[in-house]
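Read the structure below first, then the notes.
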Amino acid sequence: MNIDLLPKAIENFRNHLLSGFNSMKSAYKTYVDAANSRENDFAVSFDDFFHDWAQSNWELLVERTVCSPQESLVVYGRGSDYEADTHSRVFFQKLKPTHEVICRAKETAIDFFTGTRVDLSKFDFDGFVSIEGGLYSIDCPLDHILFTEKDGTVDYQMVIIPINQIEWSVEAIEI
86 MNIDLLPKAI ENFRNHLLSG FNSMKSAYKT YVDAANSREN DFAVSFDDFF HDWAQSNWEL
146 LVERTVCSPQ ESLVVYGRGS DYEADTHSRV FFQKLKPTHE VICRAKETAI DFFTGTRVDL
206 SKFDFDGFVS IEGGLYSIDC PLDHILFTEK DGTVDYQMVI IPINQIEWSV EAIEI
């Protein structure tokens, strides 16, 4: 694992999401129109479409840069659900994650929702989001990070932290 390359790889990934976002939204619209015109077909949600696209790019732009052939990262966000019953990865579907991306506060991480200080060690990195009108969404500029409570059940907690408040790292997953 080349941890030194992680911040650059993740920034390249985020920049790729930003630069391709409008064309991905256009592709989604075309896909929805096509799916709706076919008999016995339906369109998946925009979020599902986005996560399929993001996961494929995560594997290419982040994993291939920082991981050795024997290593892999936890999926980005919800991963790809194209074949959700069998896997969440786009490539090397049977590969099990060996490492997870960890975010640490540069100084203090402040939750967007509550304005309170957050101990990021209690949360998993989920993905990039944007804030507008007091709500978060998957849209540009993707300048915040959504975190979900580790080992959360049905009633889990989410926090959103501005990207400029964190540093990137990885940790091996204990098996």
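If you're matching positions, the sequence shown starts at 86 in our numbering and goes up one per residue.
Where a beta carbon is used, it is the ideal one built from N, C-alpha and C, also for glycine.
| Check | Outcome |
| --- | --- |
| Write down the C-beta distance between residue 127 and residue 120 rounded to the nearest angstrom, noting that I regard them as a contact closer than 8 Å. | 6 Å |
| Sorted by chain position, which residues of the same chain lie with C-beta nearer than 8 Å to residue 233's C-beta, five sequence neighbours on each side aside? | 208, 209, 211, 241, 242 and 243 |
| What is the DSSP secondary structure of residue 128, counted as helix, strand or coil? | coil |
| Any idea if residue 220 is buried or exposed, counting beta-carbon neighbours within 10 angstroms, 16 or more meaning buried? | exposed |
| Could you say which of 151, 205, 227 and 104 lies nearest to residue 189 if we only look at CA atoms? | 205 |
| So what does residue 203 bridge to, in DSSP terms? | Bridge partners of residue 203: none, in fact. |
| In the DSSP assignment, find the unbroken beta strand (DSSP E) run with residue 186 in it and report its ends. | 184-190 |
| For my contact list, residue 184 and residue 257 are in at a C-beta cut-off of 8 Å; report their separation, rounded to the angstrom. | 6 Å |
| Tell me the DSSP secondary structure of residue 162 in three-state form. | coil |
| Return the bridge partner residues of residue 246 from the DSSP annotation. | 230 |
| Count the other CB atoms within 10 Å of the CB of residue 203; is the residue buried (16 or more) or exposed (fewer)? | buried |
| With C-beta atoms as the reference, is residue 141 less than 8 Å away from residue 165? | yes |
| Answer yes or no: do residue 76 and residue 229 have a C-beta to C-beta separation smaller than 8 Å? | Outside the modelled stretch of the chain, which goes from 86 to 260, sits residue 76, for which no answer is possible. |
| Apart from the five residues just before and just after residue 104, which ones in its own chain have a Cβ nearer than 6 Å to its Cβ? | none |
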